[in-house]
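This is how it looks when you write it as structure tokens:
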């Protein structure tokens, strides 16, 4: 019984090999849009004559199919349990960097396109074209984000037009991903606290060679995913620019416990708006029931005195609400992660993290 089953399996395998050999040969040597030669019969030609193999023109897959597969290649629609099988791999207030395994992506796309197979001829055609189909999907991966953003802003004429133009330009350029697809997952309260956070990745330590951002999405209230085209050496997280606000810094240098860095106002050789290196002034807080509330009058007087001492005010020593606001402005904060840089001590405020190799 076992030998009979083995013989039937061997015969079936031989038939499959014979049927698919011409198609696979074209796949290995043919152009991107190949003509697949299917055998007219499985049996060899009589009297040694060459068998006639009609050429079948395979149509290009619909653009909608390529777009869908390109999104799947960037993990759109993939259950989170397949990306992070165990929640302990991404604990709260953590970040994880990773590579995307293209072998896994190939299997994902093969599984997606195999749903419509119903005959052996379909299987042969898929075997002949699956690699080309996967390559097309991957080559369009860089056009996915501009296209989605263009659709999301279709109701805003100016922003929508700009994003549509960017998507068209990316598509016209081929949109081919040139490097390995890498990415990060972050689980933090900062995801919901900074809904418009900007993520930038760079291929060099000097942060001058920016990598294309393939995907940036919130998977939940506290989980963010980002995918890049290439291997990052530096990754920067920047607060939304619109989060510009007033603020002070805690310090032990002044009795009040708070201070503000000083900025030039265009006088005394200090450029307007530019921080004066190494110079700060005490900021006063109210006491009693209003503890923790800024004492505006006392703080303004402290800042004015410090600026006057530096010669950073006009000849009249003018210090109005406008000058006070310049000193109090705090720009959007940035958190940077750099490859190979040791993580700072927990007690210190982290300025640079580490991308684990």
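Residue numbers (my numbering): 93 to 449. Here a beta-carbon is modelled for each residue, glycine too, at the ideal position from N, C-alpha and C.
Quiz item: Straight-line CA distance for residue 325 to residue 299?
Solution: 8 Å
Quiz prompt | Completely contained beta strand (DSSP E) runs for the stretch 271-337, where each covers 3 or more residues | solution = 273-279, 290-294, 305-310, 315-321 and 326-330
Quiz item: Where does the unbroken beta strand (DSSP E) through residue 350 begin, and where does it stop?
Solution: 350-355
Quiz prompt | Inter-stretch contact at 8 Å, needing at least 3 Cβ pairs: the stretch 305-318 / the stretch 220-232 | solution = no
Exercise. Could you round the C-beta distance between residue 275 and residue 318 to whole angstroms and report it? I think they count as a contact, below 8 Å.
Key: 6 Å
Quiz item: Any idea if residue 414 is buried or exposed, counting beta-carbon neighbours within 10 angstroms, 16 or more meaning buried?
Solution: By the neighbour-count definition (other C-beta atoms within 10 Å, threshold 16), residue 414 is an exposed residue.
Quiz item: Would you say the stretch 281-295 touches the stretch 330-350, given that touching needs at least three Cβ pairs under 8 Å?
Solution: With contact defined as three or more Cβ pairs closer than 8 Å, the stretch 281-295 and the stretch 330-350 are in contact.
Practice problem: Starting from residue 203, follow the alpha helix (DSSP H) in both directions and report where the run begins and ends. | Solution: Residue 203 -> alpha helix (DSSP H) spans 194-205.
Practice problem: Please work out which residues of its chain come closer than 7 Å, Cβ to Cβ, to residue 406, disregarding the five sequence neighbours upstream and downstream, and give them in chain order. | Solution: 359
Quiz item: Based on Cα-Cα distance, which residue from 241, 273 and 384 lies nearest to residue 349?
Solution: Of 241, 273 and 384, the smallest CA-CA separation from residue 349 is found for 384.
Exercise. Determine the burial state of residue 205: buried for a count of at least 16 other Cβ atoms within 10 Å of its Cβ, exposed for fewer.
Key: Residue 205 should be labelled buried.
Self-check item: Of the listed residues 362, 297, 392 and 163, nearest to residue 352 (C-alpha basis)
Solution: Residue 392 is the option with its Cα nearest to residue 352.
Quiz item: Would you call residue 374 buried or exposed, if buried means 16 or more other Cβ atoms sit within 10 Å of its Cβ?
Solution: By the neighbour-count rule (16 or more Cβ atoms within 10 Å), residue 374 is buried.
Quiz item: Taking C-beta to C-beta, are residue 279 and residue 184 nearer than 8 Å?
Solution: yes
Quiz item: Name the DSSP beta bridge partners of residue 191, please?
Solution: Paired residues: 274.
Quiz item: Just the Cα atoms here: how many angstroms apart are residue 338 and residue 155?
Solution: Residue 338 and residue 155: Cα-Cα distance of roughly 49 Å.
Quiz prompt | Buried versus exposed call for residue 394 [16 or more other C-beta atoms within 10 Å across all chains shown] | solution = buried
Exercise. Return the CA-CA distance between residue 404 and residue 365, expressed in angstroms with no decimal places.
Key: 12 Å
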